[in-house]
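In my numbering, the protein residues as written are 1 to 924. Backbone N, C-alpha and C fix where the C-beta goes; we use that ideal spot for every residue, glycine too. Here the structure is a predicted model, which means the values were calculated and not measured. The structure appears right after this line, and notes come after that.
Next comes the structure, spelled out in structure tokens:
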């Protein structure tokens, strides 16, 4: 216990300490790495590693990790041996004096007579190769994108990066869809631990919260085994933050650039407040405490003097201003290493990143559709205008790790990220319902944060027993304070017929509105697993058992206040908004103002307990066959209590117990080929916001969203068949078939009845989802020497789904249609040129996702569909000396418009322009 406490204390030290100087230059170095089972990628303890021609040697410990110290510098050969495995010799290792070389080695089971294997170091190294090895040896169907691949793309956050993965599409620049299944069917974890979502209406964590500079790999696990959480069907997206380097190093990078929709143009922007540039401006926009104490005005009726004070305490900021567009910029710094501290080696990595960007939306328009008897829908309430947005993203991580003895590894991983989006929008259009042209000015600020701390203990109790324990605490916040909407009407003079000057629409509840929203969620998770192996290598039977308990608490609040002044004269209503609200009508004798809570919004709390246990077995039948089977039991208890702004408190307490079986069979006809088949059952539970009957409003002409407390959880049966071939290092060819059957799937549907346009959630009767997934990565050297430095990667997914809404109480447009979010196809391709040294590269990337339903329609209106977009990006990397490298990126080169349609009506459309970035990276 004393040794464990000592090790935990060491994890909290500041570890970037300078090394003491030496009297003479070093003549030796270190070799570190892992010994892995070639069949499944698992670490192998108790393997012997020896430097050939010397007496230097060591044994591998937990996760197969080893360290060889005082190795003479120069070209080195090592040999690795373990009982039950064929020995392997790795040649061509070049070790520099005073440096640390990282080298992993995989061993094959000696179930038949095998001679010793000799390989060169290059065949064992490379993060893309490592990812493909992990994919080949995984018991699941997985796809990964690595730091190496991200570095060769212009992607700035995890959402942009994961969109390159087979079967994955990204909606709204942040939400992940896998195999056409929406965000509710995708779970996000950070270093293996689930993190909550900061979005009020989404289950999935928006991946734009994670800058790519902090990432090691992003892995999408597309099939279920009992040791995974059961509430997914599309995939589990696991974000792995960077691990510490083998030797002390630091890296700094910076970049600048901009969009042709911003640079050289005047862009609408709200005024900055203190804290905006560090994503901490919410406090300055908070709901005034004087207004808070009146609640929904039901129990405390304000006097005229109270209304006057309320108007004075709201921020007097209504109108966005056009300003010259600014360039984007980012910078990052990381420091890491593996140094001795008090006689024990500590691995550490501290990294931070910051970015600021501006975006403009050009050719922006929106409209609504109304039904016509016997005819196509007709466009109404069309608005055109422009908008601008400034964004800040910063974050950091601090990870430390050490060994307790040789068999136990203790790690502490900490991550914190924060974003800000400050938006302005100005538009003009005609309200057909009222017969009045309007101009609308809107300002919106959204601030989000996510934090996670994880304590991980991994122990090889013996060579055949493994224990893993994890404790994690995570939390998210989302603040949307002081959204302002100011509406001006353009009337016609009844006498002359002339168009009058725009004037404040002060007689309407939507003429001037301030809205406030706040969300916070904290989650705590403990999980553990124990694995015991029996039998000889190659015919191993492994039993794995474990459990998980997770508790989350969420508090969410939203409120909107309408400000009216019907007694103002026409001349007064024609004043600029900031003059109307500058205090001239809030004197002691003034009786102009009325402030009213709008009958939408409210607050809700959620308490979520999840407990789970699992048991599974893995059986090897020689080197070719592997069977994995078992079951997981999950108990979910969710309590959601909602208090609308107007109305009584409601309480919803869905409780579910689910048994989730799984079976997977892998056949390896050759060492480079896999054939996988799997079947499982998983669940999809309603999210808190979907259960809360609180309406969330939008400004004139937008849709409103309301929850449904009667939702049931969905059950999903999953079937997968996949063939994989790994012809060479860094190469893969795969074909996968998948099918899913849903019972009670939850769908987001659109209700467009007269007057009120509502989006809500319902359980459909059932649904089927099926498709084929193709993936390939291949060097073009087989076409001749001229193409030897080129490689081609591509993945394509063809899919379809049918959802059955029979027996629902709503009059749906299609009783059988594709699921919401289901695209019929998606395609990613990339052509990469790499120099002989690997220091320079150029990558051309292409992406397209087919048209997909975003809102299911209710008769007589059709479904709302997001149209396909073709995207082309280019990224170039090249050295500027020994320690300095440069990059040039170009994104969205085709600048295809974003567009949503409902029948023949264009519901929304805009362009964002092309963006260009140049950057430098310094590695001392």
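CB contact flag (residue i, residue j, <8 Å)
i: residue 858; j: residue 779; result: no
i: residue 683; j: residue 231; result: yes
i: residue 254; j: residue 919; result: yes
i: residue 490; j: residue 499; result: yes
i: residue 344; j: residue 406; result: no
i: residue 602; j: residue 558; result: yes
i: residue 912; j: residue 427; result: no
i: residue 885; j: residue 843; result: no
i: residue 694; j: residue 642; result: yes
i: residue 718; j: residue 233; result: yes
i: residue 504; j: residue 308; result: no
i: residue 107; j: residue 35; result: yes
i: residue 239; j: residue 181; result: no
i: residue 793; j: residue 776; result: yes
i: residue 713; j: residue 685; result: yes
i: residue 38; j: residue 64; result: no
i: residue 227; j: residue 636; result: no
i: residue 395; j: residue 418; result: yes
i: residue 905; j: residue 379; result: yes
i: residue 543; j: residue 617; result: yes
Rounded Cβ spacing between residue i and residue j (contact assumed at less than 8 Å)
i: residue 854; j: residue 889; result: With 8 Å as the limit, residue 854 and residue 889 do not qualify as a contact, their Cβ atoms being about 29 Å apart.
i: residue 898; j: residue 869; result: 7 Å
i: residue 47; j: residue 60; result: 4 Å
i: residue 741; j: residue 768; result: 6 Å
i: residue 329; j: residue 383; result: 33 Å between Cβ atoms; not a contact.
i: residue 515; j: residue 560; result: 4 Å
i: residue 502; j: residue 439; result: 6 Å
i: residue 408; j: residue 32; result: The Cβ separation is near 17 Å, so there is no contact.
i: residue 789; j: residue 847; result: Not really, about 24 Å apart at Cβ, beyond 8 Å.
i: residue 455; j: residue 412; result: 6 Å
i: residue 52; j: residue 78; result: 7 Å
i: residue 311; j: residue 659; result: Rounded, the Cβ-Cβ distance is 58 Å, inconsistent with contact.
i: residue 720; j: residue 223; result: 5 Å
i: residue 619; j: residue 541; result: 5 Å
i: residue 71; j: residue 29; result: 6 Å
i: residue 392; j: residue 325; result: That belief does not hold up - the Cβ atoms of residue 392 and residue 325 are roughly 16 Å apart, past 8 Å.
i: residue 901; j: residue 867; result: 6 Å
i: residue 652; j: residue 745; result: That belief does not hold up - the Cβ atoms of residue 652 and residue 745 are roughly 19 Å apart, past 8 Å.
i: residue 915; j: residue 891; result: 5 Å
In DSSP terms, what residue i is bridged to
i: residue 621; result: 625
i: residue 555; result: 520 and 605
i: residue 384; result: 365 and 428
i: residue 390; result: 358 and 422
i: residue 525; result: 472 and 550
i: residue 396; result: 352 and 416
i: residue 222; result: Residue 222 is not bridged to any residue.
i: residue 263; result: For residue 263, which the question treats as bridged, DSSP gives no partner whatsoever.
i: residue 916; result: 258 and 890
i: residue 723; result: 675 and 735
i: residue 927; result: This structure gives no information on residue 927, because the portion of the chain shown stretches from 1 to 924.
Exercise for the section: Spell out a yes or no on whether the stretch 273-282 and the stretch 435-452 are touching, meaning 3 or more CB-CB pairs, one atom from each, closer than 8 Å. Expected result: Yes, they touch.
Exercise for the section: Write down every uninterrupted run of the beta strand (DSSP E) in the stretch 426-505 whose length is 3 residues or greater and which is fully enclosed by it, in chain order. Expected result: The stretch 426-505 contains these whole beta strand (DSSP E) runs: 436-462 and 465-489.
Exercise for the section: Count the CB pairs spanning the stretch 259-279 and the stretch 546-563 that are closer than 8 Å, and state whether there are at least three. Expected result: The stretch 259-279 is not in contact with the stretch 546-563.
Problem - Residue ranges of each alpha helix (DSSP H) within the stretch 303-382, 4 or longer - result: Qualifying alpha helix (DSSP H) stretches, in chain order: 304-313.
Problem - Length at least 3, wholly inside the stretch 746-800: the beta strand (DSSP E) runs in chain order - result: 746-751, 758-763 and 766-779
Practice task
Check whether the stretch 363-371 touches the stretch 299-310, taking contact to mean three or more Cβ pairs, one atom from each stretch, closer than 8 Å.
Solution key: no
Practice task
Tell me the start and end of each unbroken beta strand (DSSP E) in the stretch 844-910 that is at least 3 residues and wholly inside, in chain order.
Solution key: For the stretch 844-910, whole beta strand (DSSP E) runs of length 3 or above, ordered along the chain, are 852-855, 864-866, 869-879, 884-891 and 898-902.
Practice task
Decide yes or no for the touch test of the stretch 313-327 against the stretch 476-488: beta carbon pairs closer than 8 Å, at least 3 of them.
Solution key: yes
Exercise for the section: Specify whether the stretch 469-482 and the stretch 213-227 touch according to this definition: at least 3 beta carbon pairs, one from each stretch, less than 8 Å apart. Expected result: Not touching, per the Cβ criterion.
Exercise for the section: Enumerate, from N- to C-terminal direction, the unbroken beta strand (DSSP E) stretches of 3 or more residues contained entirely within the stretch 666-716. Expected result: 673-684 and 704-706
Practice task
Kindly provide the ranges of any alpha helix (DSSP H) runs that are 4 or more residues long and lie completely inside the stretch 274-298, ordered along the chain.
Solution key: 289-292
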